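Visitor: Read top to bottom, the protein sequences are chains A and B. Going letter by letter, the first sequence gives residues 488 to 884 in the numbering used here. Going letter by letter, the second sequence gives residues 561 to 1000 in the numbering used here. Can you read through this structure? Questions will come right after.
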Amino acid sequence: MHTGHYISGAGHLALIGWVLFGGVFSSEPDPVEVREVSILSEEEFAALTERSQPPESTQDIDAPPVPEAEPEPSPEPPAPEPEPAPEPPPQPEAVTPPEPETAPEPVAPEPQADAQDDVAAPPQPDPEIDAPEVSERPVPRPVPRVAPEPLPEPEPEAEVAPDVAEAIEPEPSDTPADEPQEPQEAQAPEAAASEIVTEAEEPSRAPDASVRPRVRPARPTPVAEPDPEPEPEPDTQTAAAPEPESEPAPEPEPEPQQTPPEDLGSGIEDALAEALGGGGTTDPQPDVPVGPPMTSGERDAFRVAVQSCWVVDVGSQAANVTVTIGMDMQQSGQVVTDSIERLSASGGDARAIETAFQAARRAILRCQGDGYDLPSEKYGQWDRIEITFDPSGMRVR
Amino acid sequence: MRRLLLTLLGLAALLPVLAAPVAAQDGPLRIDITEGVIEPVPIALPAFVDEGGAGELAQRITQVVADDLTGTGLFRRIPREAFISSVTSFASPVQYADWRAINAQALITGAVSVSGGRVSVKFRLYDVFAGTELGEGMQFAAGEDGWRRLAHKVADQVYSRITGEGGYFDSRVVFVSESGPKDARAKRLAIMDYDGANVQYLTDSGSIVLAPRFSPDGGRVIYTSYATGSPRIHVLNVGDVQSRVLPAQSGDMSFAPRFTPNGQGLLYSATSGSNTDIYRMDISSGQTSAITSGPAIETAPSYSPDGSRIVFESDRSGSQQLYIMSAGGGEPTRISFGPGRYGTPVWSPRGDLIAFTKQNAGRFHIGVMRTDGSEERLLTASFLDESPTWAPNGRVIMFARETQGAQGSSSLYTVDVSGRNLKPVPTPDGASDPSWGPLQ
């Protein structure tokens, strides 16, 4: 019963197998290559090459497809003659723009002349040397236009760099080479002395350009009066700006030797105290080291130490209160507990303010431990501290 | 390379400027602190001293005080094992250094005595780091069955002195106790301490009861009952547990009652046909007057603490939103504009916030917003959160949370107004519709 099916199936399988493996589809790539390449490029190039070269131009026309892949197949062309032929086609394409300027008829001679002029250099070396053809192609294009100019340019660039370095060198080379290290060493110990420290503060202001505007307006006024009270004031001004490094060491020695200028010395001290802006005659406490101002890092360290103990109840009414607390400090960094006082408060009723104050006070006392880590040499800068506790950024509402 | 070199040189030039001291300050050093820490305040709470006849009661009172304080999330009790010094006498001087060493910010000492069936509790509160007593010592006395209230009183005082706000521990909550399956759930009114202790039932389960509300003085409770067949507002006297239905209620159904701040009247909603409006009733005379009128459904009114305004929910804009209007009526002002539906608004005892229920994207939330609708903040999120009620100090919100499914049940939770310290309130059965009473 199924014999017919088996026969049919076997026949179909045989047919399919023959179609797949029987060589039905034979490749004929050759006609594909011939059809387009030979016809299109041949017409144009033949017209150009017929007048200048022998009838073998047709074979040369076959070559153009090769120059399309010029870099690799270029070594294949055996004779030097066919190569110059393929080169002109790409170049005339680039040169064709000048062609429209002339009439179509004279085009034949003109492009030849133009092509010869422009391409004159490359074709000449080509016939002279066979091997370098491949390497010469990249060379001729950049050489006439790009190579000559960029070559000198990198040189000036290299020259610019040393110029810049030289402009910067003067600062580190001149000062640090001879003197800078010594005066820097002198500055560190100076911090312990009150006078020298004060001078150290002013030069720190000077570079900020805040000192210059002060000096300029001061000049017109002292022009008339400086003479009667000449020396003390100009001494402080001049010593502050230009002589901070050299004078501090020698000055203290001659002054104590010369007893008469005691008044001048006291005047200088007063002037320096005034220059500090710290209250002049009122602030100076002989045993309190004032030191330079607190750095931002020192202030931040203290702030972080206190805020780490400031417990904020964000849902309470006290979270709406901003309170400022004042307190006196001991040189050990401990808070004078009895001195803690509320200076101002805002943002809540009396009960909320009192709660906020108590929370802030607990924070201050709780985190002090054996004393806050504050620079003792600057005790005069933090013997009195005012802290504003502002929970506005933390409160929920 | 050139740019890199210039950049490095520029940074090098800036180093001295960055390292230079800040401008010299005039006068004291001034510091601004804008960031603190949010953490429980460590407190030391040694066991109260037995001064005669207290026995274990002193321990239990101490424990209730500790539970009250730590339950707020604002305090942390330091373990007894960490104590350096012990308190054996209420009158003994405090060794601040010992308590300071264990980082206790506050120390609470107390003593309990029982004599003649009365319990006396006295306490002192110390600011450890300031080395001073915070306030004066106080003493409370009550019958032996009132020892928990004594503990709550002590905790309220401690809480108030440290936080600057009123306490809420000695307060009660009325709620609907639920039992049985969802499709046949028995509901009855119950009252308990704020922490779930001392539950007492005010009604039987013969009829459905809804939405109980404490009077401002805590002596009465108004609620909606189906005892008469349709929802009607009843008033219950907490002292003798006697209730009566209020007369002359407008509409076919009346519900969502809430006392006026003076306790002499109430607001409620009444439905006539398909329209629901808000009415006001004078309890003594039974006289009613309409506060709102219109086709929209307007219900869930709540007075401001001063009684000058009311907040309620309405769908007059097309969706359920919150509105505020004068207590005498007038043009309401919409205050909720977020996505979803807003309902059951309750004005805070502080007067600054309004708690509400919000339904959005298939979730229910308890939230708060300012009275002008600003600063809306959602505190919870679950399958069903509803019925918010404020603690007497306006710091904590209690609400009902129902779980999903046929076997789901409702229970009570509390959450701090900041959104922290969400925790359940233990009840013997299911619970819903809480109403937090005043401080006793």
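Beta carbons: idealized from backbone N, C-alpha and C, even for Gly. All values reported here derive from a predicted model rather than from experimental measurement.
Could you tell me how far apart the beta carbons of residue 991 of chain B and residue 737 of chain B are, in whole angstroms, since I believe they sit closer than 8 Å?
Guide: Contact flag correct, Cβ pair sits at about 6 Å.
Visitor: Indicate the three-state DSSP secondary structure (helix, strand or coil) for residue 791 of chain A in the structure shown.
Guide: If DSSP states are grouped into helix, strand and coil, residue 791 of chain A belongs with the helices.
Visitor: What did DSSP end up calling residue 787 of chain B once you bin it into helix, strand or coil?
Guide: Looking at residue 787 of chain B - three-state DSSP - the assignment turns out to be coil, as it is neither helix nor strand.
Visitor: To which residues of the same chain is residue 601 of chain B closer than 8 Å at the C-beta, ignoring the five residues directly before and after it?
Guide: Same-chain partners within the cutoff: 634, 635, 636, 665, 666 and 722.
Visitor: Of all the CB atoms in chain B, is at least one closer than 7 Å to the CB of residue 864 of chain A?
Guide: Cβ-Cβ to chain B under 7 Å: no for residue 864 of chain A.
Visitor: Going by the beta-carbon positions, is the gap between residue 868 of chain B and residue 823 of chain B smaller than 7 Å?
Guide: The answer is no: Cβ separation not under 7 Å.
Visitor: Counting only C-beta atoms, is residue 839 of chain A closer than 7 Å to chain B at any point?
Guide: Residue 839 of chain A counts as touching chain B.
Visitor: So, does the region 854-867 of chain A touch the region 814-827 of chain A, judging by three or more C-beta pairs under 8 Å?
Guide: The answer is yes - the region 814-827 of chain A touches the region 854-867 of chain A, with three or more Cβ pairs under 8 Å.
Visitor: So with CB distances below 8 Å, who are the chain B contacts of residue 484 of chain A?
Guide: Lying before the first or after the last residue shown, residue 484 of chain A is absent from chain A, which here runs from 488 to 884.
Visitor: Return no unless some Cβ of chain A is closer than 7 Å to the Cβ of residue 595 of chain B.
Guide: Output row for residue 595 of chain B: interface = yes.
Visitor: With burial defined as no fewer than 16 other Cβ atoms inside 10 Å of the residue's Cβ, what is the status of residue 596 of chain B: buried or exposed?
Guide: Its Cβ being crowded by 16 or more others within 10 Å, residue 596 of chain B is buried.
Visitor: Identify the continuous alpha helix (DSSP H) that holds residue 841 of chain A and give its terminal residues.
Guide: Residue 841 of chain A -> alpha helix (DSSP H) spans 837-853.
Visitor: Between which two residues does the beta strand (DSSP E) carrying residue 881 of chain B extend?
Guide: It spans 881-886 - the beta strand (DSSP E) in which residue 881 of chain B sits, taken as one unbroken run.
Visitor: Taking any Cβ of chain A, which residues in the region 945-976 of chain B have a Cβ under 7 Å from it, in chain order?
Guide: Flagged, chain order: 955 and 976.
Visitor: What does residue 634 of chain B reach in chain A if we use C-beta pairs closer than 8 Å?
Guide: Per Cβ cutoff of 8 Å: 800.
Visitor: Answer with yes or no whether the minimum CB distance from residue 905 of chain B to chain A is below 7 Å.
Guide: False, the Cβ-Cβ gap to chain A never drops below 7 Å.
Visitor: Checking the sheet assignment: what are the DSSP bridge partners for residue 670 of chain B?
Guide: In the DSSP output, where bridge partners are listed per residue, residue 670 of chain B has B/683.
Visitor: Under 7 Å between beta-carbons, which chain A residues line up against residue 601 of chain B? List them in chain order, please.
Guide: By Cβ distance, chain A contributes 798.
Visitor: By DSSP's criteria, residue 977 of chain B is part of a beta bridge. Which residues make up the other side?
Guide: For residue 977 of chain B, which the question treats as bridged, DSSP gives no partner whatsoever.
Visitor: Which complete beta strand (DSSP E) runs does the region 804-845 of chain B hold, if anything under 3 residues is left out?
Guide: If we require 3 residues or more, the beta strand (DSSP E) runs fully inside the region 804-845 of chain B come out as 813-819, 825-832 and 835-842.
Visitor: Residue 530 of chain B to residue 783 of chain B, Cα distance in whole Å?
Guide: With chain B covering 561 to 1000 only, the question about residue 530 of chain B has no answer from this structure.
Visitor: Rounded to whole angstroms, what's the CA-CA distance from residue 997 of chain B to residue 686 of chain B? Just pull it up for me.
Guide: Between residue 997 of chain B and residue 686 of chain B, the C-alpha separation is close to 30 Å.
Visitor: Using a Cβ cut-off of 9 Å, which residues of the region 677-692 of chain B contact any Cβ in chain A, in chain order?
Guide: Those residues of the region 677-692 of chain B that come within reach of chain A (Cβ to Cβ, closer than 9 Å) are 687, 688, 689, 690 and 691.
Visitor: Determine the extent of the beta strand (DSSP E) in which residue 795 of chain B is found, giving its start and end residues.
Guide: Looking at the DSSP string, the run of the beta strand (DSSP E) that includes residue 795 of chain B is 792-797.
Visitor: Within its chain, find whatever has a CB closer than 7 Å to the CB of residue 757 of chain B; leave out the 5 residues flanking it on each side and keep chain order.
Guide: Taken in chain order, the residues that qualify are 708.
Visitor: Report the residue from A/867, A/872, A/501 and A/777 whose alpha carbon sits nearest the alpha carbon of residue 813 of chain A.
Guide: It is A/872.
Visitor: Which residue's Cα is closest to the Cα of residue 654 of chain B: B/799, B/606 and B/976?
Guide: Closest by alpha carbon: B/606.
Visitor: Are the C-beta atoms of residue 872 of chain A and some chain E residue less than 7 Å apart?
Guide: In the structure shown, chain E does not exist; the protein chains are A and B.
Visitor: Taking the alpha carbon of residue 679 of chain B as the point to measure from, which residue in B/987, B/970, B/620 and B/760 has its own alpha carbon closest?
Guide: Per the Cα distances, B/620.
Visitor: Taking the alpha helix (DSSP H) that residue 622 of chain B belongs to, which residues open and close that run?
Guide: From DSSP, the alpha helix (DSSP H) with residue 622 of chain B extends over 616-631.
Visitor: Does the beta carbon of residue 794 of chain A sit closer than 7 Å to a beta carbon anywhere in chain B?
Guide: It does: the Cβ of residue 794 of chain A has a partner Cβ on chain B nearer than 7 Å.
Visitor: Taking the continuous beta strand (DSSP E) assigned at residue 925 of chain B, which residues delimit it?
Guide: It spans 923-930 - the beta strand (DSSP E) in which residue 925 of chain B sits, taken as one unbroken run.
Visitor: Examine chain A for any beta-carbon lying closer than 7 Å to the beta-carbon of residue 655 of chain B, and answer yes or no.
Guide: Chain A contact via Cβ: absent.
Visitor: If you measure from the beta carbon of residue 552 of chain A to each beta carbon in chain B, is any gap under 7 Å?
Guide: Confidence at residue 552 of chain A is low in this model, with a pLDDT of 38, below 50, so the placement of that residue should be treated as unreliable; the coordinate-derived value is given next. Closer than 7 Å: no.
Visitor: Specify whether the region 964-981 of chain B and the region 709-716 of chain B touch according to this definition: at least 3 beta carbon pairs, one from each stretch, less than 8 Å apart.
Guide: Short answer: they don't touch.
Visitor: Rounded to a whole number of angstroms, what is the C-alpha to C-alpha distance between residue 726 of chain B and residue 795 of chain A?
Guide: Their Cα atoms are separated by approximately 27 Å.
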